[in-house]
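A short write-up of the structure that comes next.
Number of protein chains: 2
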Amino acid sequence: MGTDSAHTVKSYEQELTRLRALMTRMGGIVESQVAQAIAAVTEQDEQAAQAAPAQDAQVDALEREVETLSIRLLALRGPMASDLREIVAALKITGDLERIGDYASSIARRSRKFDLIDGNISLSGLSAMGRLVQDNLRRAIDAISQQDADRALEVWNSDREVDEYYTAMFRALVTYMMEDPRKITTCTHLLFIAKNLERIGDHATNIAERVYYAVTGATLPALRPRGGAALSDPDEVQLP
Amino acid sequence: MGTDSAHTVKSYEQELTRLRALMTRMGGIVESQVAQAIAAVTEQDEQAAQAAPAQDAQVDALEREVETLSIRLLALRGPMASDLREIVAALKITGDLERIGDYASSIARRSRKFDLIDGNISLSGLSAMGRLVQDNLRRAIDAISQQDADRALEVWNSDREVDEYYTAMFRALVTYMMEDPRKITTCTHLLFIAKNLERIGDHATNIAERVYYAVTGATLPALRPRGGAALSDPDEVQLP
Numbered sequence: 001m002g003t004d005s006a007h008t009v010k011s012y013e014q015e016l017t018r019l020r021a022l023m024t025r026m027g028g029i030v031e032s033q034v035a036q037a038i039a040a041v042t043e044q045d046e047q048a049a050q051a052a053p054a055q056d057a058q059v060d061a062l063e064r065e066v067e068t069l070s071i072r073l074l075a076l077r078g079p080m081a082s083d084l085r086e087i088v089a090a091l092k093i094t095g096d097l098e099r100i101g102d103y104a105s106s107i108a109r110r111s112r113k114f115d116l117i118d119g120n121i122s123l124s125g126l127s128a129m130g131r132l133v134q135d136n137l138r139r140a141i142d143a144i145s146q147q148d149a150d151r152a153l154e155v156w157n158s159d160r161e162v163d164e165y166y167t168a169m170f171r172a173l174v175t176y177m178m179e180d181p182r183k184i185t186t187c188t189h190l191l192f193i194a195k196n197l198e199r200i201g202d203h204a205t206n207i208a209e210r211v212y213y214a215v216t217g218a219t220l221p222a223l224r225p226r227g228g229a230a231l232s233d234p235d236e237v238q239l240p
Numbered sequence: 001m002g003t004d005s006a007h008t009v010k011s012y013e014q015e016l017t018r019l020r021a022l023m024t025r026m027g028g029i030v031e032s033q034v035a036q037a038i039a040a041v042t043e044q045d046e047q048a049a050q051a052a053p054a055q056d057a058q059v060d061a062l063e064r065e066v067e068t069l070s071i072r073l074l075a076l077r078g079p080m081a082s083d084l085r086e087i088v089a090a091l092k093i094t095g096d097l098e099r100i101g102d103y104a105s106s107i108a109r110r111s112r113k114f115d116l117i118d119g120n121i122s123l124s125g126l127s128a129m130g131r132l133v134q135d136n137l138r139r140a141i142d143a144i145s146q147q148d149a150d151r152a153l154e155v156w157n158s159d160r161e162v163d164e165y166y167t168a169m170f171r172a173l174v175t176y177m178m179e180d181p182r183k184i185t186t187c188t189h190l191l192f193i194a195k196n197l198e199r200i201g202d203h204a205t206n207i208a209e210r211v212y213y214a215v216t217g218a219t220l221p222a223l224r225p226r227g228g229a230a231l232s233d234p235d236e237v238q239l240p
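Here the protein sequences line up with chains P and B, keeping their order.
Using full-length UniProt numbering, read the first sequence as starting at 1 and increasing by one per residue.
Using full-length UniProt numbering, read the second sequence as starting at 1 and increasing by one per residue.
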């Protein structure tokens, strides 16, 4: 009986470790998809444009694997307290990761649909926004792997900056279009790319909130109503 | 002991019933947000434009309530098989519902940012797309309430039609912009509104997939890779 119980505990720990490894792997792939998507746009890197969508199936498979393992853990191990919160968070976080991968693929596919019209459209804002979103995502994924509430809080605090970049880009792109209708197609694609980056930032923040709750048992204040009517809401932007 | 056990079973059933009621309520609010968002745009209904975002906080609160109740059920009741799948599905589905409400609010807020320039921009495509997305969402939410796999399958099968509407609208709006740069601001907002409707349709399909799995234990074939490289992927649209 003692042996049996020790065996059960060992397998339980192994299964939790495996759940964390799956999350880290899924996060790593999604992170590389976002890097590829940004390279596809800002460096017009054709190989990266093809590489990001090619990883979608693997991300979907990992989401299902996490779900299967979580259900197994819930059914057979009866996890409690922080373990239970971690498993529930994993189920939610994989949804955010899957969406991030989806947005990255969408950006990568779009990057092949336009050209930059003799360099007359500046991508420096997009590059800066891309770097910030990548940083936030990396920290969010580190926070998952290390169950690190402080790291999660850092991500949560910098979402506003992502929104500011987005608002500035939105204005700039619409101004480009008005000045030169030949740029409409390219700028329309860039508008959606900027929006997708902003959404990736949003999902990184969702992940940060979930890690924070899983680790501490406390929720972050509702200062950042998701898509809510906050003053900084990027949809509140007034176009030229 | 017999009484105790009967009592436990009764509370368990009551809690599952409460979980379903919370999901139905959350679904109902999100459904009304989408209806308001569409009215805000197609009928320029100012009251509806304000009503949709006003419900965001309630949707967020319901998501948290479902999570708390689910964790309670998982920790104290040790649900098995289809009950366990239903609870896990509820945790995932609230994420989709929250995003749908978020998109609806975004549409509603945007509706106040543009005018239709003397009726020179037709919204008939958007109205038709809106009706289809609303139908799909209603059926997806019915599928949750009634745990109805057939209903879920209907939703899953009509996502392609939503994508076709979106692609057609996208082309039409870019053409409008090219023909008359004064329409750029309005059409840019309408592009995002169309995209948000398409995303709402996507999330309704996600919900359908989850209900199908919770009820049957079987996954739908991966014919519809989410945001993947399917031929019908709306991001593959070639602009004029």
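All C-beta atoms, glycine included, are put in the ideal place defined by N, C-alpha and C.
In the displayed model, B/Asp60 falls within a helix according to three-state DSSP. When the five nearest sequence neighbours on each side are left out, the beta carbons in the same chain lying within less than 6 Å of the beta carbon of P/Ser106 are those of Asn196, in order along the chain. By the Cβ neighbour-count rule, P/Gly28 is exposed, with fewer than 16 other Cβ atoms within 10 Å of its own. Contact of P/Asp45 with chain B is not assigned, every C-beta pair being separated by 9 Å or more.
Counting the other CB atoms within 10 Å of its CB gives P/Thr17 a total below 16, which places it among the exposed residues. Interface annotation, P/Thr219: in contact with chain B, CB-CB separation under 9 Å.
For P/Ile71, the nearest beta carbon of chain B is closer than 9 Å to its own beta carbon. Sequence-ordered contacts of the region 171-182 of chain B with chain P read Val174, Met177, Met178 and Pro181 [C-beta pairs closer than 7 Å].
Rounded to whole angstroms, P/Thr167 and P/Ile100 show a C-alpha spacing of 20 Å.
For the pair P/Phe192 and P/Glu13, the Cα-to-Cα distance works out to about 43 Å. In this chain, the alpha helix (DSSP H) harbouring P/Thr186 covers Ile184 to Thr216.
With respect to the 9 Å criterion, P/Ala143 and P/Ala208 are classified as neighbours on the basis of their beta carbons.
With contacts defined as CB atoms closer than 9 Å, P/Leu19 and P/Ile71 fail to qualify as a contacting pair. Here B/Met129 is buried. Its C-beta has 16 or more other C-beta atoms within 10 Å. When secondary structure is reduced to three states using DSSP, B/Gly78 falls in the coil class, being assigned neither helix nor strand. Proximity of the region 131-143 of chain B to the region 167-179 of chain B falls short of the contact definition, fewer than three beta-carbon pairs being nearer than 8 Å.
The C-alpha of P/His189 lies about 8 Å from the C-alpha of P/Lys113.
Less than 9 Å separates the beta-carbon of B/Asp96 from that of B/Ala204.
The beta-carbon of P/Thr167 is placed no less than 9 Å from the nearest beta-carbon of chain B. With a threshold of 9 Å between beta carbons, B/Met26 makes no contact with chain P.
Taking a Cβ-Cβ threshold of 9 Å, the residues of chain B close to P/Gly78 are Leu74, Ala75 and Gly78, in chain order.
Counting only runs of 4 or more residues that sit fully inside the region 91-168 of chain B, the alpha helix (DSSP H) segments are 124-146 and 149-157, in chain order. One finds nothing in chain P with a Cβ atom closer than 7 Å to the Cβ of B/Val66; even the nearest lies about 11 Å away. Rounded to whole angstroms, the separation of the alpha carbons of P/Arg182 and B/Met178 is 8 Å. For the pair B/Ala35 and B/Ala48, the CB atoms are nearer than the 9 Å cut-off. Chain order gives the chain P residues near B/Leu84 as Ile71, Leu74 and Ala75, where near means a beta carbon separation below 7 Å.
Between the alpha carbons of B/Ala152 and B/Thr216 lies a gap of roughly 11 Å. With fewer than 16 other Cβ atoms inside 10 Å of its own Cβ, P/Thr68 counts as exposed. A straight-line Cα-Cα distance of about 15 Å links B/Thr42 and B/Ala51. For B/Gly95, the neighbours in chain P by C-beta distance under 7 Å run, in chain order, Lys92 and Gly95.
A straight-line Cα-Cα distance of about 10 Å links B/Thr175 and B/Cys187. Straight across, the Cα-Cα distance linking B/Gly125 with B/Ala37 is about 15 Å. Distance from the CA atom of P/Leu123 to the CA atom of P/Leu84, rounded to whole angstroms, is 44 Å.
Taking C-beta atoms as the reference points, B/Ala104 and B/Val30 count as a pair closer than 9 Å. The shortest CA-to-CA distance from B/Asp159 to any of B/Arg139, B/Gln146 and B/Ser145 is the one to B/Arg139.
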